[in-house]
Each structure stands twice: as structure tokens, then as C-alpha cells.
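Position 32 of the sequence shown, counted from 1, bears residue number 64 in the numbering used here, the numbering being contiguous throughout. For every residue, glycine included, the Cβ atom is placed at its ideal position computed from N, Cα and C. Remember, it's a predicted structure, so these values are computed and weren't measured experimentally. To start, the structure itself, in C-alpha cells.
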Amino acid sequence: MLILTSNSRHPDERTQHLATALMSRLIQTVPEGILKAYRFVAEMEGLAEFVGGGEADIFKGFARVFEGVAGSLEGDGVDVKTLRSGVEKALELRTSK
């Protein structure tokens, strides 16, 4: 949705601004986060325990995502390749404007 919104022919100005800001943030943080994914697993599990209840499921889900990225980094690299490809496409979109 973020990429489609930022590439829309007639985006709402506020939506466009938000999409651009989020994309810029992802371009910056995703590559950094790949190498730190293994650390984020424990952090997200700790947050899930602290928050508790149904809200904890969000952090448990994040922990599983980071677990997958960490495993990909050490294994087949598929998830890491997908993330890096997404960042490259976002960079292309941003520079084509």
C-alpha cells in the first residue's frame, strides 16, 4: 500500500506526505535492522511479556518476523533478499519523482 500510495497519479497530499516519510524511514532502518534481527527477537518477546494480554500478540508476531529474518541471514537468505529488494525498489521510486 505504501509503495502504491507514493506512486499514485493523484494522491491525497497528506497521504502522500505520510507515505514518503514512512518510505524514507524504512529505507534507512530496514538495512540496519537486518543485521540486528537476532537481537530484536528477545526484545519483542520481552515487550510481549511486559504488555501482556491480547496486545502481546503484536510483539510476539514481530518476534517471529525477526526470528525469520535472523534465520534467513544465517540460512538461505530468501527473506533478506526480499527485504533488500524492497528497499532498492523504494529508493528507485523516491529518486524517480
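A distance below 6 Å between beta-carbons, with the five flanking residues on each side excluded, links residue 95 to the following residues of its chain, in chain order: 73, 76, 77. A direct Cα-Cα distance of roughly 31 Å separates residue 105 from residue 85. In the DSSP assignment, residue 87 falls outside any alpha helix (DSSP H) and carries neither an H nor an E. Taking 4 residues as the minimum length, the alpha helix (DSSP H) runs contained wholly in the region 52-126 are 88-106, in order along the chain. Burial is judged here by how many other beta carbons sit within 10 angstroms of a residue's own beta carbon; residue 110 has fewer than 16 and is exposed.
Across the structure, residue 100 and residue 50 are spaced so that their CA atoms are roughly 28 Å apart. By the neighbour-count criterion, in which 16 or more other beta carbons inside 10 Å mark a residue as buried, residue 122 falls on the buried side. For residue 115, the number of other beta carbons within 10 angstroms of its own is at least 16, and it is reported as buried.
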